[in-house]
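Chemist: My questions all concern the structure below.
2 protein chains.
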Amino acid sequence: MTMPLAPVLERIDAQFDQAVDRLCALLRIPSVSTDPAHRSDTQRAARLLTDDLASIGFQAEVHDTPGQPMITAHWPGPASDAAPHILYYGHYDVQPPDPIDMWDSGPFEPTIADGPHGRRLIARGAVDDKGQLMTFIEAFRAWQAVHGELPVKVTVLLEGEEESGSPSLEPFLEANKEALAADVCMISDTGMWDIDTPAITYMLRGLVYVEVALHGPSHDLHSGMYGGAVINPANELTRILGELKDERGVVQIPKFYDDVLELSDAEADQWANLGFDEAAFLASAGLRTPVGEAGRTSIERIWSRPACDINGIWSGYTGQGAKTIIPARATAKLSFRLVPQQDPGKIYDGLVAFLNRRTPPDCRWEIKSHGGSRAVRVGTESPYLEAAMRGLESTFGRKPVLMGCGGSIPVVGSIQRILGFDSLLVGFGLEDDRVHSPNEKFELRCFEMGMKSQAAILSEFAAMPTRRATPPRTTVA
Amino acid sequence: MTMPLAPVLERIDAQFDQAVDRLCALLRIPSVSTDPAHRSDTQRAARLLTDDLASIGFQAEVHDTPGQPMITAHWPGPASDAAPHILYYGHYDVQPPDPIDMWDSGPFEPTIADGPHGRRLIARGAVDDKGQLMTFIEAFRAWQAVHGELPVKVTVLLEGEEESGSPSLEPFLEANKEALAADVCMISDTGMWDIDTPAITYMLRGLVYVEVALHGPSHDLHSGMYGGAVINPANELTRILGELKDERGVVQIPKFYDDVLELSDAEADQWANLGFDEAAFLASAGLRTPVGEAGRTSIERIWSRPACDINGIWSGYTGQGAKTIIPARATAKLSFRLVPQQDPGKIYDGLVAFLNRRTPPDCRWEIKSHGGSRAVRVGTESPYLEAAMRGLESTFGRKPVLMGCGGSIPVVGSIQRILGFDSLLVGFGLEDDRVHSPNEKFELRCFEMGMKSQAAILSEFAAMPTRRATPPRTTVA
């Protein structure tokens, strides 16, 4: 069990160019999951990865689903029964490359360019998520080459539908609970704090997404013949949605904040000392002025405070020129970002009650839920998280940052709910990687540090004192 | 000059079936002005009317315009120089018949059906405006047949672009001021009070139509990554538009009501005694509850009070399902109905100032005017209006109602501004005529009473004591 890490890291250095070549081979396959025209490409990408995992000793298999193929791979042992069992998750599908004419080189012709952090690889999927999933596959390859085995039990799960809503994921997890059983899941689909500082994302906000339509007159009315004497759903909906927040940015739905937890002093201290560059954050959106809930920092607002945003609204005439109608209805899509302990059902019910208390005369609401998910918080005292932190620290020479994330990563909740264990979000992307945009890139330095970190974390997992000393601590809160 | 009316009315009765046939011939031509595919149909309709006017002795002419043909026709005399000169306006173009599958018979196959008021004619354009313009042409025909002449000077102006914004109307008026000179204009494109009660519309509201876009972030943002910490233009626009009116329905733009006149006691009395059926008015919109400016009746709200309506709004994601974005901008179309004395420019400026005082941080407004028109009010003491009222009263056996109209009829303002005289809005439609909708109809009783009223009004015009005793009184207010 005491297999040294140093030769594994040396192997990664020695094989770096070959690792880049292997990643480029994967990037050349336009595995766009949302477009049926790329069906043979997603199959080709799945086959390439399965063959690659098999070539380093995994029992690897492609599974058909109603959507894109799912890959599972098991390292056959001989890690001892006491060793932890880690499930590695990644996705081999990519976003469509549109708008193609905004790319400086072909989106599926991986290109090396120089940047402020050295060489970078430019291609669709470079960081999301082909480059990131290759960090752990390359770590496995190096361990296997040097020691002939991996130091812990490993299962790999690679999906091909992450960019198109993962319709097959939960049914697959349900149908393969035993084959996917593990102690913890490692997901590499997030970012570092900056080029020199690794990070683990331990808080993800949840989501409630609702579509509300306010119906008034039986049909669009002539605004001359009726204007001023009948209810106008567009005026009413704007007025009512305008009341969702007060002038201090506080959501006005009763009980909305009841379950919201304040940060611990330790977290608040850590976040205050992160050196978060608020101006750069706002500039990335073309903005200059911090706004939001009064008395909170920007980082609190996006990581640990709930939010309420209108994502879309439409009513009446939206074409060229003037059409003088009073619309029969007005519709909006709105969503709430939730923090740990907030219950999506309770928030949804609160919104419905808020709207119903404001129903204008002769109007009715049509309210549609587009789903919800609870926030996720990984207990920072988890021994797996501590092991991952040690692995990152030994690789980078500095402590990783424990980050929040304003968005949701639904697979975390699915794994928790169906398979019953934690996920650790250890990723190697940077903010400026242009994920989902033209000229997506992955810094080769991030790729290198990612492979080495994955190798080091495997070593730390193997060195954990006792397997299952602490039960999983993820709170799907 | 003392040509009796009675034989003219007898002639209209005797020739009623032929008049219906002539109207049906016009209705069979699908003269849809907005659709270039119907270009030959609009030309055919213009030719038919020109030939018809020539056949009863008019000097009739078709004029090409950049759009649809314009028809002018002059009765060559011999009405004495002291006789008034009346310009009759109508339009021969029609709205598209869509949705065609909602019609019970072909929109251009005029069909007679029975209804609560006797026989009705069903076709696109039956009342708007082919049936109405034929009321005065048939009155001319009967006068000419019985007396060999008309009792006053008459010019006819028929346009073919009323349903598509009248782009050629004002240039044509400008270019033909002398040929179109008259003392007053008769327009038959409005309604009666009810099947038994004629009406003259003497107040029309004006309009200011504006498109406002609020620009915030430089691009659509991920609502997870940014939500709660950046400005959301959709939330901001709804909040700001929600402040346009207070809970009493009063527009909150400073000085908005400064120039609004209260009704005279006489008008208020007349309106209060009209027996306006508020429940039926609301039911026609599928509603039950009167709403609007507090302390006003529904009829005041639509005839004599200004209004503010959102006609359209859009922002962000409006497709199926959920997309978690913070939109970069939000846009609305809004319009104000104006009453006499309100200045469109002042109202527009007031709105701009209202918005600018509420500009959210880092946002900017893009404000586009889609035009404006002042309200119109015809002085009720005009001798032409009094003559028209006498003609209607003698035909129907009851006093006509002086009505307001919540909408605008732009030709009234154009004639006032360019030709320099009043219009009298004397129409014979009913509220339930389904103008612009499938199964548009015109009651044959309205057609008959319309022809007879037009004949009687000609007689009353001829009997006016002195031409130009009173100058035109229209106030484009």
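Chains A and B, in that order, give the protein sequences.
Per our numbering, the very first residue in the first sequence carries number 1; after that it's consecutive.
Per our numbering, the very first residue in the second sequence carries number 478; after that it's consecutive.
All residues carry an ideal CB built from backbone N, CA and C; glycine is no exception.
1) Distance cutoff 8 angstroms, beta carbons only. Does R782(B) sit that close to anything in chain A?
2) Using the three-state DSSP reduction, which class does I195(A) fall into: helix, strand or coil?
3) Can you tell me where the alpha helix (DSSP H) holding W271(A) begins and where it ends?
4) I need the straight-line Cα distance from R417(A) to A375(A), nearest angstrom please.
5) Name the DSSP bridge partner or partners of M186(A)?
6) Given this structure, state the Cα-to-Cα distance separating M192(A) from P151(A), to the nearest angstrom.
7) Please confirm whether P587(B) has its beta-carbon closer than 8 angstroms to some beta-carbon of chain A.
8) Against I960(B), what residues of chain A qualify as contacts under a CB-to-CB distance less than 7 angstroms, listed in chain order?
9) Pick out whichever of F585(B), S532(B), I577(B) has its Cα sitting closest to the Cα of I506(B).
10) Smallest Cα separation from P217(A): which of I325(A), G321(A), K368(A)?
11) Helix, strand or coil: which one does DSSP assign to D122(A)?
12) Starting from the C-beta of P472(A), find all residues in its chain whose C-beta is less than 6 angstroms away, skip the five residues before and the five after it, and write them out in chain order.
13) Going by the beta-carbon positions, is the gap between G927(B) and Q609(B) smaller than 8 angstroms?
14) What's the gap between the Cα of E626(B) and the Cα of L684(B)?
15) Taking 8 angstroms as the limit between beta carbons, can you name the residues of its chain near S775(B), skipping five residues before and five after?
16) Could you name the residues of chain B that V230(A) contacts, counting a contact when the two beta carbons are closer than 8 angstroms?
17) Between which residues of its own chain and E538(B) is the CB-CB distance below 6 angstroms, once the five residues before and five after are set aside?
18) Which same chain residues end up closer than 7 angstroms to G484(A) when comparing Cβ atoms and leaving out the 5 residues on each side of it in sequence?
19) Listing by chain order, which chain B residues have their CB less than 9 angstroms from the CB of T318(A)?
20) So, is A939(B) buried or exposed, given that buried needs 16 or more other C-beta atoms within 10 angstroms?
21) To which residues of the same chain is Y703(B) closer than 7 angstroms at the C-beta, ignoring the five residues directly before and after it?
22) Using DSSP's beta-bridge definition, name the partner residues of F442(A).
23) DSSP has H540(B) in a bridge; who is on the other side?
24) If you measure between the beta carbons of L121(A) and F442(A), is that distance less than 8 angstroms?
25) On the three-state DSSP scale, how would you describe E460(A)?
26) Going by the CB atoms, is the gap between R364(A) and I240(A) shorter than 8 angstroms?
27) If you draw a straight line from the alpha carbon of G228(A) to that of R778(B), how long is it in whole angstroms?
28) Between which two residues does the alpha helix (DSSP H) holding H624(B) run?
29) Taking the straight line between their C-alpha atoms, what separation do you get for A469(A) and M186(A)?
30) With respect to the alpha helix (DSSP H) encompassing S517(B), which residues constitute its N-terminal and C-terminal limits?
31) Hey, would you say L634(B) sits closer than 8 angstroms to V889(B), going by beta carbons?
32) Do V855(B) and A676(B) have their C-beta atoms closer together than 8 angstroms?
33) When you check each C-beta in the stretch 78-101 of chain A against every C-beta of chain B, which residues fall closer than 8 angstroms?
34) Taking the alpha-carbon positions, what's the M464(A) to A19(A) distance?
35) Using only CA atoms, which one of F831(B), Y861(B), L811(B) lies nearest to H847(B)?
36) In chain B, which residues lie less than 7 angstroms from A213(A) when you measure between Cβ atoms?
Modeler: This is what the structure gives:
1) One-based indexing of the second sequence puts residue 782(B) at position 305. Yes, contact with chain A.
2) Stepping through the first sequence from its first residue, residue 195(A) is reached at position 195. Looking at I195(A) - three-state DSSP - the assignment turns out to be coil, as it is neither helix nor strand.
3) One-based indexing of the first sequence puts residue 271(A) at position 271. Counting along the chain, the alpha helix (DSSP H) containing W271(A) begins and ends at 265-272.
4) For the purposes of this step, residue 417(A) is taken as residue 417 along the first sequence, with counting starting at 1. For the purposes of this step, residue 375(A) is taken as residue 375 along the first sequence, with counting starting at 1. In a straight line, the C-alpha of R417(A) is about 13 angstroms away from that of A375(A).
5) Counted from its first residue, the first sequence places residue 186(A) at position 186. DSSP output for M186(A) lists Y88(A), L424(A) as bridge partner(s).
6) On the first sequence, position 192 is the one that residue 192(A) refers to. On the first sequence, position 151 is the one that residue 151(A) refers to. So the alpha carbons of these two residues sit roughly 25 angstroms apart.
7) Reading the second sequence from its first residue, position 110 is the one you call residue 587(B). Closer than 8 angstroms: no.
8) Residue numbering for chain B in the displayed model covers 478 to 954; residue 960(B) lies beyond these limits and cannot be assessed.
9) One-based indexing of the second sequence puts residue 506(B) at position 29. Taking only the C-alpha atoms, the option nearest I506(B) is F585(B).
10) What you label residue 217(A) is simply residue 217 of the first sequence in a count that begins at 1. Among I325(A), G321(A), K368(A), the Cα nearest to that of P217(A) is on I325(A).
11) Looking up residue 122(A) in the first sequence gives position 122. Residue identity differs from the one stated: residue 122(A) is Ile in this sequence, not Asp. I122(A): strand per DSSP, three-state reduction.
12) Here the question's residue 472(A) lines up with position 472 in the first sequence. Low local confidence applies: a pLDDT of 48 at P472(A) is under 50, so the model's placement there is unreliable, with the coordinate-based value given in what follows. If we look at P472(A) and ignore the five residues flanking it on each side, its Cβ neighbours are F421, D422.
13) Your numbering for residue 927(B) matches position 450 in the second sequence. Your numbering for residue 609(B) matches position 132 in the second sequence. Closer than 8 angstroms, so yes.
14) Counted from its first residue, the second sequence places residue 626(B) at position 149. Counted from its first residue, the second sequence places residue 684(B) at position 207. Going from the Cα of E626(B) to the Cα of L684(B) covers about 41 angstroms.
15) In the second sequence, residue 775(B) corresponds to position 298, counting from 1. Once the five neighbours on either side are set aside, the close Cβ partners of S775(B) are F753, E755, F758, L759, P767, G769.
16) Along the first sequence, read from residue 1 onward, the residue named residue 230(A) stands at position 230. By Cβ distance, chain B contributes L759, A762, L764, V768, G769.
17) For this step, residue 538(B) is matched to residue 61 along the second sequence. Correct list, in chain order: T549.
18) The structure shown has nothing for residue 484(A), since chain A only spans 1 to 477.
19) Residue mapping note: residue 318(A) aligns to position 318 of the first sequence, counting from 1. The answer, in chain order, is G789, I790, W791, T795, T808, K810.
20) Here residue 939(B) corresponds to residue number 462 of the second sequence, with the count starting at 1. Buried.
21) Translated into the one-based positions of the second sequence, residue 703(B) becomes position 226. Result list for Y703(B): I803, in chain order.
22) Stepping through the first sequence from its first residue, residue 442(A) is reached at position 442. Beta-bridge pairing links F442(A) to L121(A).
23) Taking the first residue of the second sequence as 1, we reach residue 540(B) at position 63. DSSP, once it has assigned bridges, lists M547(B) as partnering H540(B).
24) Start at 1 with the first residue of the first sequence, and residue 121(A) comes out as number 121. Start at 1 with the first residue of the first sequence, and residue 442(A) comes out as number 442. Yes, they are a contact pair.
25) Here residue 460(A) refers to the residue found at position 460 of the first sequence. It is helical.
26) Within the first sequence, the letter at position 240 stands for residue 240(A). Within the first sequence, the letter at position 364 stands for residue 364(A). No, they are not a contact pair.
27) Here residue 228(A) corresponds to residue number 228 of the first sequence, with the count starting at 1. Here residue 778(B) corresponds to residue number 301 of the second sequence, with the count starting at 1. Their backbone Cα atoms lie some 5 angstroms apart in a straight line.
28) Translated into the one-based positions of the second sequence, residue 624(B) becomes position 147. 607-624 is the extent of the alpha helix (DSSP H) around H624(B).
29) Reading the first sequence from its first residue, position 469 is the one you call residue 469(A). Reading the first sequence from its first residue, position 186 is the one you call residue 186(A). In this prediction, A469(A) scores a pLDDT of 46, lower than 50, which makes its location untrustworthy; the coordinate-derived value is nonetheless stated afterwards. Going by the C-alpha atoms only, they are around 18 angstroms apart.
30) In the second sequence, the residue the question calls residue 517(B) occupies position 40. 516-532 is the extent of the alpha helix (DSSP H) around S517(B).
31) Position 157 of the second sequence, counted from the start, is the residue given in the question as residue 634(B). Position 412 of the second sequence, counted from the start, is the residue given in the question as residue 889(B). Contact flag unset, no.
32) On the second sequence, position 378 is the one that residue 855(B) refers to. On the second sequence, position 199 is the one that residue 676(B) refers to. No, they are not a contact pair.
33) none
34) Reading the first sequence from its first residue, position 464 is the one you call residue 464(A). Reading the first sequence from its first residue, position 19 is the one you call residue 19(A). Each residue's alpha carbon lies about 29 angstroms from the other.
35) As a working mapping, residue 847(B) is identified with position 370 in the second sequence. The candidate whose alpha carbon is nearest that of H847(B) is L811(B).
36) Taking the first residue of the first sequence as position 1, residue 213(A) is located at position 213. Near A213(A) there are no residues of chain B at all, since even the closest Cβ is about 12 angstroms away, more than 7 angstroms.
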